[in-house]
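One structure is given below, encoded as structure tokens.
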Amino acid sequence: MSPALGEVLFGDPFAVMNTVGLVAFALVGSAKAIREKFDLFGITVVGLSMAFVGGVTRDILVNRVPLALQSSIEISLGLLGVGLAVGLSIMLDSPDEHLVSVLADAVGLAAFATTGATVATDAGVSAFGVVAVATINAAGGGAFADILLDRSPFILFEDFYASCAALGGSAYWLVITAGGADSVASAACAVVTVGIRLAAINYGWGLPEAQILGLAREKGDDR
Amino acid sequence: MSPALGEVLFGDPFAVMNTVGLVAFALVGSAKAIREKFDLFGITVVGLSMAFVGGVTRDILVNRVPLALQSSIEISLGLLGVGLAVGLSIMLDSPDEHLVSVLADAVGLAAFATTGATVATDAGVSAFGVVAVATINAAGGGAFADILLDRSPFILFEDFYASCAALGGSAYWLVITAGGADSVASAACAVVTVGIRLAAINYGWGLPEAQILGLAREKGDDR
Amino acid sequence: MSPALGEVLFGDPFAVMNTVGLVAFALVGSAKAIREKFDLFGITVVGLSMAFVGGVTRDILVNRVPLALQSSIEISLGLLGVGLAVGLSIMLDSPDEHLVSVLADAVGLAAFATTGATVATDAGVSAFGVVAVATINAAGGGAFADILLDRSPFILFEDFYASCAALGGSAYWLVITAGGADSVASAACAVVTVGIRLAAINYGWGLPEAQILGLAREKGDDR
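Residue numbers (my numbering), protein chains in the order written: chain A, 1 to 223; chain B, 1 to 223; chain C, 1 to 223.
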């Protein structure tokens, strides 16, 4: 992609990515809560948590007042996502497993990996810091939503979820370090994250489990 | 209430509300841990967590070192609440369901909604930010205590708990925006929060559950 | 120990303690995840969480960008601990219950209590603040790892775990307040923490449980 095309598609990459991520993740979090038969208040709390926890954590880590508390537009975008999930759940049987939710989750992951990498780079952290903040921004909301739903976080069992965001954050850092523009780095991060995530879903990728390597062989499953 | 009466009752609204909230929430958190048969150390940890997690989160969000780490008075108030719960549990059968705990929970919720709204307003966040920080300050401790107790947070299943704090925070913002004094806004926030909370308990208020609206109809209860 | 010997052993006490704590806790967290049959990605996430959550929380509390995001050396030390745990699990049957893990846990606890007390003292918090930050730095990682593993945090049921760090933090504060050097205070904190922790394990120390005192006598065990 030429820088010029990047500029057109991502005039203000942060604003675009932030908007997409908030709506998408609020939708996915709400769909999970609907599946668990939470009531409307619980659905809203889980949806907004999934949308906001990653970005708020990012802002706390780089030592600034969270964007979500500074602008009232953010919460409106989150509520839009919650409303979309409620609408979907009326039309569909398993909203959290539907293609719309699966795509929204992958797109939200890519969008928030990008916002995380952007904010971390602006804050002047290390290369590892950029990758870590991108990953936390992208995967933190889903992990927190799972804790609210009282289950072990999904991201621990899904090899290519948080790691897609980490690879996207690495792509961002590489482009910036190579002298690329923020818009190009943002596009690279988003494309790498969403591409690997969708490929992993499509082809059922996974890392070998520990027990296949002979680890933890001594215990029956006691859970 | 006239501003003059407000000044008398709430000379330093923040200090009064903070004191009340710390003692009340430490008592409630400890009573929950006693119910779950935690030992004395666990009771203290859960009680202090319920008392401090909301306020510490508030301070982190507005980017200041938590008050609880700056003053040794705060921890003393928390330990007083833990002691009260242990004393109550010797005298009563179900301390966490007793009227004292129920009232302490409602009063602590109102007190911390008020401290949250005050600090957020001082930090200059958006209207949504004021409501969000008030709600997190008020409901964060109870949610965290539930996670420590290894159960799905109470606030997700109780429609009129966090939402009472959100309404109280809204009342605070409305009074301040209308030009009212901090003491009047604080009184309004506390009265709205505790009033709606106690009315909800007394009359058994709840929002319609998602499945009543036809959501999530496809799955049996698999939990 | 003479201050001179302290200087030799702990030339830069913070760097030594931080290095020891990161490797030890990453090893312990990874061993827990191996026991629970997590895959390689989950093992890495739990190990790094145990190593970094305490220190990141410490840095957030004293309002600075986490050290772990500012230096790429930190993550390398965490990964070294994860690698050691994987290696151990191939050689041993129950890596998380082996003497190596038990010792690593006690040593990591002492090391992180010391880094926490040092950073808190530099930040100028209250006496309680020093003890609280030392305890959170030391016990926060293990508590978070347990939440990721979907079980009630270990530290709530083990009386002499977090409390050892609190006593170590108190020793640090006492030495500093008495005019002692940072290196002496660090040595005192580490020795007190690890000594009490190992004694508690060896002699099976525990505080009386609440029900022995007649608390919570009304309910059968409903969990």
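Backbone N, C-alpha and C define an ideal beta-carbon position, used for all residues, glycine too.
Any Cβ of chain B closer than 9 Å to the Cβ of A:ILE147 would place that residue at the interface, and such an atom is present. With the criterion set as a beta carbon lying under 8 Å from some beta carbon of chain C, the segment 66–93 of chain A has no members that meet it. With respect to B:GLY168, B:ALA117 sits close: the two C-beta atoms are nearer than 9 Å.
If you ignore the 5 residues before and after B:ILE43, its C-beta comes within less than 8 Å of the C-beta of SER30, ALA33, ILE34, VAL82, ALA85, VAL86, all in its own chain and listed in chain order. Within the segment 37–57 of chain A, the residues whose Cβ lies closer than 7 Å to any Cβ of chain B are, in chain order, LYS37, PHE38, ASP39, LEU40, PHE41, GLY42, ILE43, VAL45.
A:ALA110 and A:LEU22 have their C-alpha atoms roughly 12 Å apart. Spatial neighbours of C:ALA123 in its own chain (CB-CB distance under 6 Å, excluding positions within 5 residues in sequence) are listed in chain order as VAL62. Excluding its 5 nearest sequence neighbours in each direction, C:SER89 has C-beta neighbours in its own chain below 6 Å: ILE34, PRO95, listed in chain order. One alpha carbon belongs to C:GLY55, the other to C:ALA68, and they sit about 8 Å apart. For a Cβ distance threshold of 7 Å, residue set LEU148 of chain A lies close to B:PRO153, ordered along the chain. Around the beta carbon of B:ASP12, a 10 Å sphere encloses fewer than 16 other beta carbons of the protein chains shown; the residue is thus reported as exposed. Interface flag for B:ILE60 against chain C is set, since a Cβ pair is found closer than 9 Å.
When 9 Å is used as the limit between beta carbons, C:ASN63 is near these residues of chain A: ASN63, in chain order.
Counting only runs that start and end inside the segment 127–175 of chain A, there is no beta strand (DSSP E) element of at least 3 residues. The Cβ atoms of B:ALA139 and B:ILE155 sit closer than 9 Å to each other. Close CB contacts of A:PHE52 within its chain, under the 6 Å cut and outside five residues either way in sequence, are with ALA68 (chain order).
Shown here, C:VAL62 sits in coil according to DSSP, grouped into three states, outside any helix or strand. Comparing C-alpha distances from B:ALA104 to each of B:LEU198, B:ALA24, B:GLY206, B:VAL191 shows the shortest one belongs to B:ALA24. Chain B has a Cβ within less than 9 Å of the Cβ of C:GLY206.
Where A:SER89 is concerned, the enclosing alpha helix (DSSP H) starts and stops at 72–91. Within chain C, the C-beta atoms nearer than 7 Å to that of A:GLY129 come from LEU69, GLN70, in chain order. Around the CB of B:ALA15, fewer than 16 other CB atoms lie within 10 Å, so the residue is classed as exposed. Here C:GLY206 is exposed, its C-beta having fewer than 16 other C-beta atoms within 10 Å.
In chain A, no part has a C-beta under 9 Å from the C-beta of B:ASP182; the shortest such distance is about 19 Å. If you draw a straight line from the Cα of B:THR114 to the Cα of B:ALA132, it is about 12 Å long.
Residues of the same chain with a CB within less than 6 Å of the CB of C:TYR172, apart from the 5 flanking positions on each side, are ALA117, ALA185, CYS189 in chain order. For C:SER126, the chain B residues whose C-beta falls within less than 8 Å of its own C-beta are LEU69, GLN70, SER71, SER72, listed in chain order.
With respect to A:ASP159, C:ASP39 sits close: the two C-beta atoms are nearer than 9 Å. For B:ALA187, no Cβ of chain A is located within less than 9 Å of the residue's own Cβ. Residues of the segment 158–173 of chain C whose Cβ lies closer than 7 Å to any Cβ of chain B, in chain order: ASP159, SER163. Proximity of chain A to B:ALA132 at the Cβ level (cut-off 7 Å) is accounted for by LEU69, in chain order.
Ranked by Cα distance from B:VAL28, the options B:MET91, B:VAL46, B:PRO66, B:ILE60 are led by B:VAL46. In the DSSP assignment, B:ALA106 falls within the unbroken alpha helix (DSSP H) covering 99–123. Closest option to C:GLY195, judged by alpha-carbon separation, among C:ARG64, C:ALA106, C:ALA127: C:ALA106.
Between C:SER72 and C:LEU148 the beta-carbon gap is near 24 Å, outside 8 Å, which marks them as no contact.
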